[in-house]
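In what follows, a single structure is set out as structure tokens and then discussed.
Numbering (my numbering), first residue to last: 4 to 79.
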């Protein structure tokens with residue numbers, strides 16, 4: 004079974020947005036785990052997933068007012 008690491012640049016800035024992201028990502032059954040790197044100026048969202056869901060995630064985040072640009076997908 005393939006697995007993927009999805010890297011996205013975001014505009015996530017605070018706890019309220021983190022809560023929204025958390026609730027949204029819980030709805031994706033294929034996502035195993037995720038992190039946000041706030042030390043990086045691009046607020047990098049790193050997602051481990053069983054499928055390539057970057058476009059669905061980007062669209063869904065946009066719907067709740069969070070911009071996310073998929074920049075890399077690594078199969079492993």
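Note that CB positions come from ideal geometry on N, CA and C, so glycine has one too.
Note to self: Taking 7 Å as the threshold (C-beta atoms), are residue 64 and residue 71 in contact?
What the structure shows: Contact: yes.
Notebook entry, point to check: Would residue 30 be called buried (16 or more neighbouring beta carbons within 10 Å of its own) or exposed?
Noted result: Per the 10 Å Cβ criterion, exposed.
Checklist line | Cβ-based burial, residue 61 [other Cβ within 10 Å; buried from 16] | finding: Taking every protein chain shown into account, the CB of residue 61 has 16 or more other CB atoms within 10 angstroms, so this residue is buried.
Item checked: Coarse secondary structure for residue 57, derived from DSSP in three states -> The answer is helix: DSSP assigns residue 57 an H, G or I state.
Check: Using CA coordinates, which residue listed in 58, 9, 56, 68 is at the minimum distance from residue 21?
Finding: Cα-wise, what sits closest to residue 21 is 68.
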